[in-house]
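Numbering (numbering that gives the first Met the number 0), first residue to last: 0 to 224. Note that the Cβ used here is the ideal one computed from N, Cα and C, for glycine as well. None of these values were measured; they are calculated from a predicted model. The next block holds one structure in the form of structure tokens; read it before the comments.
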Amino acid sequence: MNYRIAPSILSADFARLGEEIQQVIAAGSDWIHFDVMDNHYVPNLTFGPMVCQALKPHAKTAAGVPVPIDVHLMISPVDALAAQFADAGADLISFHPDASGHVHRSIQAIKSKGVQAGLVFNPAEPLDVLDWVIDDIDLVLIMSVNPGFGGQSFIDSALRKIEDVRKRITACGKDIRLEVDGGIKVDNIRRVADAGADTFVAGSAIFGKTDYRGVVNAMRAELAR
């Protein structure tokens, strides 16, 4: 399995976001996860497209290789702001189906910008809509906490949902990333991988520690077991 670790800058030091991104990339991270909250769909307010645009030049390795910016939209409505994030440099944009009036149209709008599109499912949300659009998306993001705040504990029932999504991905035969966001730590990342996930969002588990490389290496060691 080709695993990806995606630190969420929601838990970074906002006073020095560019430097924080460079540090987690130097520590071996694969993606940069960008949590967008609108104080409407979720009870919090975070980053807009201008912040994404400002941070895009920092999202590269020391050798200059670009590192994907993975934007998770916790907003309603979806389409207009998704287009702005695509223009700001996002590489992947995921949204919640219940936040879109027309899920397929929102997917088309994102992909028309040359950006990969994903769907996000909350802990208590059914997967029914996935069966109708799975051939059109590039990523499924399973929330293992309720969206809106960082630092929450992993909800164990998410493991069953991850297993269910992995079966759907295998059945459709398409290369679709299965990402998990919420409460991912060194001591549970292996269980989440065993359920079928291949991409892991970690916020406070990485940015809450002084040694970013040590945490990323420990996660990779667990994934390699």
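Whether residue i touches residue j by CB criterion (8 angstroms)
i: D69; j: I31; result: yes
i: T198; j: A58; result: no
i: T45; j: L80; result: no
i: V128; j: V102; result: yes
i: D86; j: A116; result: no
i: M0; j: V35; result: no
i: K166; j: I141; result: no
i: R176; j: L222; result: no
i: S75; j: A61; result: no
i: P122; j: N145; result: yes
i: E19; j: F206; result: yes
Beta-bridge pairing of residue i - partner residues as DSSP gives them
i: R189; result: DSSP, once it has assigned bridges, lists no residue as partnering R189.
i: G117; result: S93 and L138
i: M73; result: M36
i: I68; result: I31
i: E178; result: L140 and T198
For residue i, the three-state DSSP class (helix, strand or coil)
i: H57; result: helix
i: S7; result: strand
i: F46; result: coil
i: L222; result: helix
i: V214; result: helix
i: F199; result: strand
i: D163; result: helix
i: I106; result: helix
i: A157; result: helix
i: D127; result: coil
i: Q21; result: helix
i: I205; result: helix
i: Q83; result: helix
i: D78; result: helix
i: V132; result: helix
Residue of the options minimising C-alpha distance to residue i
i: S28; options: D90, R212 and S10; result: R212
i: S7; options: A201, V214 and K208; result: A201
i: R3; options: A11, R15 and I24; result: I24
i: A89; options: E124, G63, Q107 and A53; result: A53
i: I134; options: V114, S156 and I106; result: Looking at the sequence provided, one finds Asp at residue 134 rather than Ile. Residue I106 is the option with its Cα nearest to D134.
i: A220; options: A196, D186 and G207; result: D186
i: C171; options: V132, V64 and V41; result: V132
i: A157; options: I183, Q83, F94 and G17; result: I183
i: Y40; options: H71, V215 and A11; result: H71
i: D130; options: G100, P96, K112 and D155; result: P96
i: A192; options: E162, I168, T209 and T169; result: E162
i: D174; options: I92, M218 and V139; result: V139
i: A194; options: A217, V164 and K208; result: V164
i: T209; options: Q22, D155, G150 and F33; result: Q22
Whole-Å CB distance - residue i paired with residue j, under 8 angstroms assumed
i: V179; j: S143; result: 6 angstroms
i: F148; j: N43; result: 6 angstroms
i: F94; j: P48; result: About 14 angstroms; that fails the 8 angstroms criterion.
i: A26; j: V215; result: 5 angstroms
i: L91; j: P67; result: 6 angstroms
i: A82; j: K112; result: 6 angstroms
Below-8 angstroms beta-carbon distance, residue i vs any chain C residue
i: P125; result: Among the protein chains of the structure shown there is no chain C, as only one such chain exists.
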